[in-house]
Amino acid sequence: MSDSPGCDEPVAVPPDRPSVAFARLRAALARELLDEPSRATLLAMIGALAARLGHPDTDALLREAGRAHATGGTPTSAIHLALGRAARHLSRGDLRGARAVLGNLDPDVPAARREATLIRTERIFTQLSLGRFEDARTAIGQAVDNATTTAPTHGMIIALDCQRMIAVGELSEAATLATMTLGHRAQEISQEVRAWLIAVLAEVRYRRGEPEAARAALRECLDDRQWPDGALWTGAVCLAAGDPELARQHRMLGTAVAELHRSVRPLLAVPQAGPRLVRAALAGGDPRAARRVADLVGSVATRTPVPLWRALAAQTRGLVERDTAALVSAVDALRATAARPALADALLDLSRSPQLPRAQARQAALEAAGLSGRIGALGDQRAAEQRYAELTAAGGARRPPADGRLPTGLGSLTPAEVRVAEMLASGATKQQAAGSLFVSFHTVDTHLRSIYHKLGIRTRVQLVRAWDQHQRAGG
1 MSDSPGCDEP VAVPPDRPSV AFARLRAALA RELLDEPSRA TLLAMIGALA ARLGHPDTDA
61 LLREAGRAHA TGGTPTSAIH LALGRAARHL SRGDLRGARA VLGNLDPDVP AARREATLIR
121 TERIFTQLSL GRFEDARTAI GQAVDNATTT APTHGMIIAL DCQRMIAVGE LSEAATLATM
181 TLGHRAQEIS QEVRAWLIAV LAEVRYRRGE PEAARAALRE CLDDRQWPDG ALWTGAVCLA
241 AGDPELARQH RMLGTAVAEL HRSVRPLLAV PQAGPRLVRA ALAGGDPRAA RRVADLVGSV
301 ATRTPVPLWR ALAAQTRGLV ERDTAALVSA VDALRATAAR PALADALLDL SRSPQLPRAQ
361 ARQAALEAAG LSGRIGALGD QRAAEQRYAE LTAAGGARRP PADGRLPTGL GSLTPAEVRV
421 AEMLASGATK QQAAGSLFVS FHTVDTHLRS IYHKLGIRTR VQLVRAWDQH QRAGG
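Read in UniProt numbering, the sequence shown has 193 at position 193, and its numbers run on one by one without any break.
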């Protein structure tokens with residue numbers, strides 16, 4: 001962007017340093033001989049930046065930008081003003097309002113040339129936050145076709161694709177893409193993109209049961225960043241709620257809860273982190289923080305009553321109030337979505353509800369284990385299997401071994417493992433099983449390793465024999 005007064009976009013805005021961006025924009029606004037179109041564009045850019053970061057004066061800044069645009073605005077100032085208003089809707093959790101504003105923007109008109117990719121990424125972000133994962137997938141493909149591969153915003157498209165994969169349970173694929181981008185395109189991506197890719201790696205590693213690797217990924221978030229520059233990392237910080245040793249992440253989690261009160265936008269990208277933040281706060285003896293997060297999730301659901309957010313609001317409320325009916329409602333609502341990791345989490349939470357009949361709790365834990373196993377979340381699978389073992393022991397049924405693991409043998413397989421075992425024992429290849437079960441090859445391979453471990457076998461021939469014996473015995 002040019003620095004001459006009177007141009008349509010008068011100042012360059014560094015994407016990685018919001019504090020510097022604010023300072024530069026305000027300095028440009030203070031210049032003498034600034035014409036009305038440039039003033040309108042500058043005020044719209046300031047308002048849009050403020051809205052993205054949850055600035056306390058956002059509403060006043062957007063009103064001022066609106067007045068300036070009405071007096072001497074241009075198509076460019078109109079685009080920045082619309083992006084600011086959409087960002088304000090997102091900061092409050094009003095996803096439908098954001099979608100309506102963004103839907104009126106045409107990224108292909110000449111005035112939108114500079115912001116075309118940003119318009120597309122904001123639309124994708126909104127689709128993901130609404131739980132419209134297939135629509136987002138289509139839009140990501142179109143955005144990649146239209147984006148300049150060297151533009152920093154192209155990195156945001158990749159980050160959004162990784163978040164989409166996480167949301168639907170494609171953990172291995174998300175981790176691979178995030179790792180490749182951080183390794184091969186590190187010099188091209190912005191700090192915001194870097195933060196989201198780190199969030200992807202942290203979540204995958206926590207769900208796989210690799211907490212040390214997750215902590216290593218999040219270490220960059222420990223840098224003492226003050227608002228507004230630290231706002232870029234809030235979403236990644238939220239993922240620390242998945243740590244099994246929450247005392248290690250106490251400061252990070254406190255920061256996340258505080259920042260979400262400025263803007264819920266970071267939580268919209270990782271909605272499954274909401275219940276985990278509540279669970280972490282309760283485990284840490286901070287019911288007030290748990291209630292604050294539950295209220296934030298509830299406010300999003302009120303403004304955006306779609307199945308995903310209604311479910312998460314019920315789940316967080318159920319955790320805070322120990323309301324089994326709310327947890328059941330959350331599970332039922334999540335079944336209508338493609339958010340498989342969120343469903344697995346909700347099932348495990350339901351299995352831990354003391355008011356739930358033990359048989360139903362066991363079934364919820366078993367389903368959580370099977371679902372987690374299918375998406376390759378072995379750490380989550382172990383947690384669900386442990387819960388199942390506890391419930392089985394408490395119910396006087398089969399007692400688990402002293403190490404707390406489920407019994408071995410075909411009876412110990414999760415539903416997902418049974419399906420994989422049956423297909424492979426019948427002669428299917430791992431690729432064929434993956435296609436039939438609509439999971440990745442990696443997921444089938446993960447299930448097969450677990451099957452071999454539980455059955456005490458090492459080869460496919462042994463699996464066929466074990467399955468045949470099981471069938472002859474009436475299994």
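For each residue, glycine too, the CB sits at the ideal point set by N, CA and C.
Taking 6 Å as the limit between beta carbons, can you name the residues of its chain near residue i, skipping five residues before and five after?
i	result
ALA333	PRO307, ARG310 and ALA311
ASP16	SER190 and GLN191
ALA466	LEU455
ALA294	VAL278, THR316, ARG317 and VAL320
LEU130	LEU95 and VAL306
ARG120	PRO107 and ALA143
SER263	GLY54 and SER91
LEU177	CYS162
How many Å lie between residue i and residue j at the Cα?
i	j	result
ALA364	HIS442	25 Å
VAL270	GLN432	32 Å
GLN249	ALA240	6 Å
residue 502	LEU413	A query on residue 502 cannot be resolved here, the shown segment of the chain reaching from 1 to 475 and no further.
ARG123	ARG458	49 Å
ALA314	GLY298	8 Å
ALA78	ALA68	10 Å
PRO110	THR302	37 Å
ASP349	ALA290	15 Å
THR337	ALA384	21 Å
LEU366	PRO305	30 Å
ASN104	ARG39	23 Å
PRO287	VAL320	7 Å
VAL200	GLY183	14 Å
LEU327	ILE198	30 Å
ARG219	TRP196	14 Å
GLY66	ASP323	45 Å
LEU282	PRO354	16 Å
ASP35	THR117	27 Å
GLY54	GLY84	11 Å
GLY427	ALA339	31 Å
Would you decide whether residue i is buried or exposed? Buried here means 16 or more other CB atoms lie within 10 Å of its CB.
i	result
ALA389	buried
SER329	buried
THR138	exposed
PRO56	exposed
LEU406	Unreliable positioning characterises LEU406 in this predicted model, as indicated by a pLDDT of 43, which lies under 50. The coordinate reading is nonetheless provided below. Under this definition LEU406 is a buried residue.
MET156	buried
SER91	buried
THR58	buried
GLU173	buried
GLU170	buried
GLY404	Residue placement at GLY404 is flagged as unreliable, the pLDDT there being 41, under the threshold of 50; the coordinate-derived value follows with that caveat. The residue in question, GLY404, is exposed, as its Cβ has fewer than 16 Cβ neighbours within 10 Å.
MET180	exposed
VAL168	buried
ASP145	exposed
SER4	Here the model assigns SER4 a pLDDT of 37, short of 50, so the residue's position is not dependable, and the following value carries that caveat. With fewer than 16 other Cβ atoms within 10 Å, it is exposed.
ALA70	exposed
PRO275	buried
ARG113	exposed
PRO37	buried
residue 501	Since the first and last residues shown for the chain are 1 and 475, residue 501 lies out of range.
CB-CB under 8 Å to residue i, same chain, minus the five flanking residues each way: which ones, in chain order?
i	result
GLU417	GLY370, GLY373, HIS447, SER450, ILE451 and LYS454
MET423	GLN432, ALA433, SER436 and LEU437
LEU347	VAL331, ALA364, ALA365, GLU367, ALA368, LEU371 and ALA384
ASP468	ALA425
LYS430	LEU424, PHE441, VAL444, ASP445 and LEU448
ILE140	ILE124, ILE157, LEU160, ASP161 and ARG164
HIS470	LEU410
Can you list, in chain order, the residues of its chain with a C-beta nearer than 7 Å to that of residue i? Leave out the 5 residues immediately preceding and following it.
i	result
PRO244	PRO211
ALA280	ALA241, LEU246 and LEU253
ASP229	ARG17, PRO18 and SER19
GLN142	none
ALA86	ALA98, VAL101, LEU102 and GLU122
ARG382	GLY209
HIS80	THR41, ALA44, MET45 and ALA48
ALA213	ARG205
ALA202	ALA214, ALA217, LEU218, ALA236 and LEU239
ARG185	GLY155
ASP380	ARG207, ALA344 and SER372
So with Cβ pairs under 8 Å, would you call residue i a contact of chain C?
i	result
GLU192	No chain C is present in this structure, which holds just one protein chain.
>> If we require 4 or more residues per run, which alpha helix (DSSP H) segments fall completely within the segment 190 to 230?
In response: 191 to 207 and 211 to 218, all fully within the segment 190 to 230.
>> Is it the case that the segment 256 to 267 contacts the segment 225 to 243, given that we only count it when at least three CB pairs across the two stretches are under 8 Å?
In response: Touching, per the Cβ criterion.
> What residue ranges within the segment 340 to 394 form continuous alpha helix (DSSP H) runs of no fewer than 4 residues, ordered along the chain?
Replying inline: Unbroken alpha helix (DSSP H) runs of no fewer than 4 residues, entirely contained in the segment 340 to 394, are found at 340 to 351, 358 to 374 and 378 to 394, following chain order.
>> Going residue by residue through the segment 46 to 101, where are the continuous alpha helix (DSSP H) segments of at least 4 residues, counting only ones entirely within it?
In response: List check, alpha helix (DSSP H) in window: 58 to 72 and 75 to 92.
>> Which complete beta strand (DSSP E) runs does the segment 415 to 452 hold, if anything under 3 residues is left out?
In response: Correct list: empty.
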